[in-house]
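There are 2 protein chains.
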Amino acid sequence: MSRVLNDSAPVNETTRTRVEDAVRSLRYVPHGAARSLITRRTSTFGVILPDLYGEFFSEVIRGLDEAAREHGYHLLVSSAHSDLAEVESAMRAMRGRVDGLAIMSPDLIAGGAAIKGPENLPIVLVNCDIKHSALDSVSVDNVGGAQSIVAHLISHGHRRIAIINGPERNCDARERLRGYRAALQDAGLAVAAELELPGTFTEDSGYDAARSLLKVRKPATAIFAANDSMAIGAIAALTEAGLAVPEDVAVAGFDDIPIGRYLTPSLSSVSVPASDIGSRAIACLVHATEHKNHHVRRHELVATQLAIRNTCGPHDYPRRQGAAASRSSLNAPTPIEAVP
Amino acid sequence: MSRVLNDSAPVNETTRTRVEDAVRSLRYVPHGAARSLITRRTSTFGVILPDLYGEFFSEVIRGLDEAAREHGYHLLVSSAHSDLAEVESAMRAMRGRVDGLAIMSPDLIAGGAAIKGPENLPIVLVNCDIKHSALDSVSVDNVGGAQSIVAHLISHGHRRIAIINGPERNCDARERLRGYRAALQDAGLAVAAELELPGTFTEDSGYDAARSLLKVRKPATAIFAANDSMAIGAIAALTEAGLAVPEDVAVAGFDDIPIGRYLTPSLSSVSVPASDIGSRAIACLVHATEHKNHHVRRHELVATQLAIRNTCGPHDYPRRQGAAASRSSLNAPTPIEAVP
DNA sequence: GGGGCGGATGTAAACGTTTTCACGGCCAAA
DNA sequence: TTTGGCCGTGAAAACGTTTACATCCGCCCC
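Those sequence lines, one after another, are chains P and U. Numbering of the first sequence is given in the numbering used here, commencing with residue 566 and proceeding in unit increments. Numbering of the second sequence is given in the numbering used here, commencing with residue 566 and proceeding in unit increments.
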């Protein structure tokens, strides 16, 4: 009987034990779908992912997962959705199976604008471009992160700083470009078109971009790559061309992938707390379901941190903390510096 | 009407369009739970994960996810389950929400033996210890992989080869130890207790193990670490002690984590096709559901590959393929060699 | 012209829960 | 003694689908 299982009503002690015995002997387990049908809640949040999720997304998923478990929810994942139609089809498939939806789709053009829940299903946009007023959102502070690290390069004395950009339609890439430009303007430096190179977030595209950058008349003394993979490719191209990093050209990336600290020289980058993104997305959904989706929408921006290492030059920049005593360069993660 | 949506019966063209119009105008979306209830299928597989899933597990999940999508299934994940009680509680929570279950729990002691589905729910054990006859299983060929790479070290002329082992209760660790011993015995070498060091799969434990190994009277000339993290820690301890890798001591790991190829010297290891594990687990579940769980059980072993790089010594071992022309050491993954 | 048949559609049962309602005791208060 | 409320329990409705069944109509064939 449901009353003993859920403590939903007072029940006599003798019948309680009688029911419990029966439950045990029949190996009875309540049926989730049937319960969801009448209860109108599933204790499950849906997650819609882009095609290829690498390190970053799997960290986000971990954050989602941990926070979901903490709040007593499960996760129903559905991946490989690059365009709006696919996302909508996935949303349709999840109707009646989830209490809320986290959509991660950084490549979606104006994705948030067109997304519409079937009824009043709570939806949180994770790392999507549009701050859609009807939907919650959690995003990385790409602008701030890019701006900080470019400012850091500027503080090293660099005046000609190039950027290797990400895909045009990717919102992260667009925002990092904005941050780059903002940092230049803050320092009174001109934005030069020949120093803004296209890229596709792949190592190869970083390599190609750096090579084409070497052909510019007045070469840059520093390169900001919009992600770490491209930074790694760029460094390969530079060293191949006989240039030393960071002595001849400084390099900085974005994402702070784990590999970065093991490279020689170790890669300066912008660290984004990926799992925090996931947990904050879940927090949004929990809050939304508690208010039956009648709540004021939130647009959260999670702060990045500078991960200053060796590819951006000697450490004349004031450090927040001294270098930790370490056993070897191999397993000595560079201390991370908070963005001011 | 369900007939037009599912094409389950012939329906007149005019009524079909009439229904379709209504569906569109009412923004109607079928309710998953209700459908599952009557259909007795959910198009969803459950995945039960251990607490902290790193690189390896997130790759497995990707494999699961891709294969599931390919077969028209979703994934319901539930993590943080280190003991049997927790796993069973998770299984209970999934009753009626999934058509099958993939359980990954390498730390479970004899886990498979006690696991029992509520009804006849298809279950596949992923990387668990016991080959339980009533349940399908997909596991890494830890024994074969360890045996291969230790044999490789032996082929380099090493006679005293140490192992840094993983946690006692971890089945991967136990099997890798077995493979290590088998390789030694195949080569007529004695198994020495002082060369088998405990570890916990962490970088620190590898560091500690290598340090204690240096105190042995007749030190080893090669170290096989049961995973890459410990290998990295061990290398740190060796270089700190003034020993050169691989000249003084050769080192090999297991897992082939991406960082390995970026280290200097790059880390020799055993590559396990993590995402294949996931897709084969899904294949098992699909096969099981198609046969209503009345099928002969499978116990699949996925083969590993040797990833021979620089920490195990000069390449006098016959290579299957020549070194690929590469731009730089940074982005030149060492070609992977198939296990014979 | 009637019976049978097949295509199209309406109807009702079923899935396994939760929740609401009603009922029967029982005790306290009037 | 009657009335009202409370506790415990059984019965029934509801959730939103699918499926099996029944109905109806038009048609062909005997």
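We treat Cβ as the ideally placed atom computed from N, Cα and C, and that holds for glycine.
Would DSSP call residue i helix, strand or coil?
| i | result |
| --- | --- |
| U:L649 | helix |
| P:N577 | coil |
| U:I726 | strand |
| U:S644 | coil |
| P:D773 | helix |
| U:F789 | strand |
| U:A658 | helix |
| U:D820 | strand |
| U:A757 | coil |
| P:A716 | helix |
| P:L808 | coil |
| U:L779 | helix |
| U:L762 | strand |
| U:N571 | helix |
| U:E585 | helix |
| U:H733 | A small fix is needed here, since residue 733 of chain U is Glu in this sequence, not His. Here U:E733 sits in coil by DSSP. |
| P:R592 | coil |
| U:V708 | helix |
I'd like the span of the alpha helix (DSSP H) that includes residue i, first residue to last.
| i | result |
| --- | --- |
| U:T609 | That residue, U:T609, is in no alpha helix (DSSP H); its beta strand (DSSP E) goes T609 to I613. |
| P:A840 | Checking the displayed sequence, the identity of residue 840 of chain P turns out to be Ser instead of Ala. Looking at the DSSP string, the run of the alpha helix (DSSP H) that includes P:S840 is A839 to E855. |
| U:V625 | E620 to E635 |
Flag this pair as yes or no: are the beta carbons of residue i and residue j separated by less than 8 Å?
| i | j | result |
| --- | --- | --- |
| U:G709 | U:A839 | no |
| U:I842 | U:N692 | yes |
| U:S643 | U:A658 | yes |
| P:A846 | P:P687 | no |
| P:G921 | P:L803 | Here chain P comprises residues numbered 566 to 905, so residue 921 of chain P is not present and cannot be evaluated. |
| P:G671 | P:D769 | Inspection of the sequence shows that residue 671 of chain P is occupied by Pro rather than by Gly. No, these two residues do not count as a Cβ contact at 8 Å. |
| P:V663 | P:T609 | yes |
| P:M795 | P:A815 | no |
| U:I728 | U:A806 | no |
| U:F621 | U:L614 | no |
| U:D784 | U:P811 | The sequence shown places Pro at residue 784 of chain U, not Asp. Against a cut-off of 8 Å, the Cβ pair of U:P811 and U:P784 comes out as no contact. |
| U:S720 | U:L871 | no |
| U:S702 | U:E585 | no |
| P:L641 | P:L629 | no |
| U:G731 | U:R741 | yes |
| P:V705 | P:V837 | yes |
| U:A689 | U:C849 | At residue 689 of chain U the sequence reads Val, which differs from the Ala that was named. Yes; because the gap between Cβ atoms is below 8 Å, this pair is in contact. |
| P:V781 | P:L749 | no |
| U:S601 | P:A598 | yes |
| P:N685 | P:G744 | no |
| U:L700 | U:F789 | no |
| U:Y772 | U:A799 | yes |
On the DSSP letters alone, give me the boundaries of the beta strand (DSSP E) that residue i sits inside.
| i | result |
| --- | --- |
| U:L866 | H864 to V867 |
| U:S794 | Element bounds for U:S794: not the beta strand (DSSP E) but the alpha helix (DSSP H), D793 to E805. |
| P:D701 | D701 to V705 |
| P:A599 | Looking at the DSSP string, P:A599 is not in any beta strand (DSSP E); the run it does join, the alpha helix (DSSP H), is G597 to T604. |
On the DSSP bridge list, what partners appear for residue i?
| i | result |
| --- | --- |
| P:Q750 | BP columns for P:Q750 are empty, so no partner. |
| P:L690 | P:I668 and P:S702 |
| P:S834 | P:A872 |
| U:H859 | Note: U:H859 sits in no beta bridge, so no partner. |
| P:H639 | P:T609 |
| P:A815 | P:A787 |
Considering only heavy atoms of the ligand ZN, does any lie closer than 7 Å to the CB of residue i?
| i | result |
| --- | --- |
| P:P838 | No copy of the ligand ZN occurs in the structure displayed, which carries no ligand at all. |
- What residues from the segment 812–833 of chain U come within 7 Å of chain P, judged by C-beta to C-beta, listed N to C? P823, I824, Y827, L828 and T829
- Task: Residues of the segment 574–596 of chain P with a CB closer than 9 Å to any CB of chain U: list them in chain order, please.
- Result: R592, Y593, V594, P595 and H596
- Given a limit of 8 Å on CB to CB distance, which residues of the segment 626–658 of chain P reach chain U? I626, R627, D630, E631, R634, H639, L640, L641, V642, S643, S644, A645, R657 and A658
- Task: Return the residues of the segment 852–883 of chain U that lie within a Cβ-Cβ distance of less than 9 Å from chain P, sorted by chain order.
- Result: none
- Check distances from the C-beta atoms of the segment 763–785 of chain U to those of chain P and list, in chain order, the residues that come in under 8 Å. E768 and Y772
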